[in-house]
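Everything on this sheet refers to the single structure shown next.
Residue numbers (the numbering used here): 21 to 247.
Here is the structure:
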């Protein structure tokens, strides 16, 4: 064994400071703490603050549950784009957001109420419950997105229930109306005869149905273009 060890010392083997085992359970929290302590997102903004700006508008998710693989893919791809542009000399402010005005929030709350055997409250109380429910999941999703290492202004997100956000939506609609882009017309929609209301795409369920088909062949008695 002694001779073998001496022989190994004569070889020019590659060396690395990287650990042989990933140890993600301990390494991941360390990396995230370091990113937060160094304010990596703020450093990137300061470094490129006078450069050409590139703004990637965040299509906000619904805060109706924990994040899933679709959320992870969405945020990771956006983070890749922002990091690349930051490295190529662009200012890349990234403001994450959450959409509170979605049917999935109402649907999930209804499921939870029924599962718990609780009655469905009146409309005003139900809306307040949806807001409280969604606000709770914003904090959960924010923590989960941070775990992915996404660089963003997590302390100042935009929320679609904020009065200033709703005011901007009204101003944009007013501008469209003033310029003649808003009109009243007819459009086919999905309608629920029982609820007497329009249905969102998320509510539509298609059932597979097999219908028998009969093909019949008839002789052609007369043709303007005989073959």
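Don't be surprised by glycine CBs; every beta carbon is placed ideally from N, CA and C.
Predicted model, so just to flag it, every value in this text is computed and none were measured.
| said: Going by C-alpha to C-alpha distance, which of 154, 69, 49 sits closest to residue 117? | reply: Numbered from its first residue, the chain shown carries residue 117 at position 97. Cα-wise, what sits closest to residue 117 is 154.
| field | Buried/exposed call for residue 125, threshold 16 Cβ in 10 Å | value | For the purposes of this step, residue 125 is identified with residue 105 of the chain shown, where counting begins at 1. Label assigned to residue 125: buried.
| task | Under 6 Å Cβ to Cβ from residue 222, same chain only, skipping five residues before and after it: list those, please. | result | By 1-based counting over the chain shown, the position of residue 222 is 202. Around residue 222: 123.
| field | Supposed close pair residue 112, residue 105 - CB separation, criterion 8 Å | value | Here the question's residue 112 lines up with position 92 in the chain shown. Here the question's residue 105 lines up with position 85 in the chain shown. Contact flag correct, Cβ pair sits at about 5 Å.
| said: Going by beta-carbon coordinates alone, are residue 167 and residue 50 separated by less than 9 Å? | reply: Translated into the one-based positions of the chain shown, residue 167 becomes position 147. Translated into the one-based positions of the chain shown, residue 50 becomes position 30. No.
| task | Using the DSSP secondary-structure output, state which residues sit across from residue 212 in a beta bridge. | result | On the chain shown, position 192 is the one that residue 212 refers to. Answer by DSSP bridge pairing, in chain order: 217.
| said: Tell me the rounded alpha-carbon separation between residue 161 and residue 87. | reply: Position 141 of the chain shown, counted from the start, is the residue given in the question as residue 161. Position 67 of the chain shown, counted from the start, is the residue given in the question as residue 87. Approximately 6 Å, taken between the alpha carbons.
| task | Kindly indicate the opening and closing residues of the alpha helix (DSSP H) around residue 166. | result | Taking the first residue of the chain shown as 1, we reach residue 166 at position 146. Per DSSP, residue 166 belongs to the alpha helix (DSSP H) from 143-167.
| said: Among 46, 179, 98, whose alpha-carbon lies nearest the alpha-carbon of residue 82? | reply: Taking the first residue of the chain shown as 1, we reach residue 82 at position 62. If we check each option's Cα against that of residue 82, 179 comes out closest.
| So, is residue 172 buried or exposed, given that buried needs 16 or more other C-beta atoms within 10 angstroms? | Taking the first residue of the chain shown as 1, we reach residue 172 at position 152. Buried: at least 16 other Cβ atoms inside 10 Å.
| request: Output the boundary residues of the alpha helix (DSSP H) element that contains residue 91. | output: Numbered from 1 along the chain shown, position 71 holds the residue referred to as residue 91. Segment 89-107, the alpha helix (DSSP H) holding residue 91.
| Cβ pair count under 8 Å reaching 3, the region 144-154 against the region 127-134 | yes
| message | Spatial neighbours of residue 74 within its chain, please: C-beta separation below 6 Å, excluding the five flanking residues on both sides. | response | Reading the chain shown from its first residue, position 54 is the one you call residue 74. Same-chain partners within the cutoff: 105, 110, 112.
| said: Quick test of your reading: residue 185 and residue 85, contact by CB under 8 Å. State the CB separation rounded to the nearest angstrom. | reply: Locating residue 185 in the chain shown gives position 165, where the first residue counts as 1. Locating residue 85 in the chain shown gives position 65, where the first residue counts as 1. The pair is not a contact, with the Cβ atoms about 22 Å apart (cut-off 8 Å).
| query | CA-CA distance, residue 195 and residue 189? | reply | As a working mapping, residue 195 is identified with position 175 in the chain shown. As a working mapping, residue 189 is identified with position 169 in the chain shown. Taking the straight line from one Cα to the other gives about 10 Å.
| said: I'd like to confirm the pairing. Which residues does DSSP put opposite residue 117 in its beta bridges? | reply: On the chain shown, position 97 is the one that residue 117 refers to. Looking at the DSSP assignment, residue 117 forms a beta bridge with 178.
| query | Taking the alpha-carbon positions, what's the residue 38 to residue 169 distance? | reply | Within the chain shown, numbered from 1, the residue matching residue 38 stands at position 18. Within the chain shown, numbered from 1, the residue matching residue 169 stands at position 149. Those two C-alpha atoms are separated by around 20 Å.
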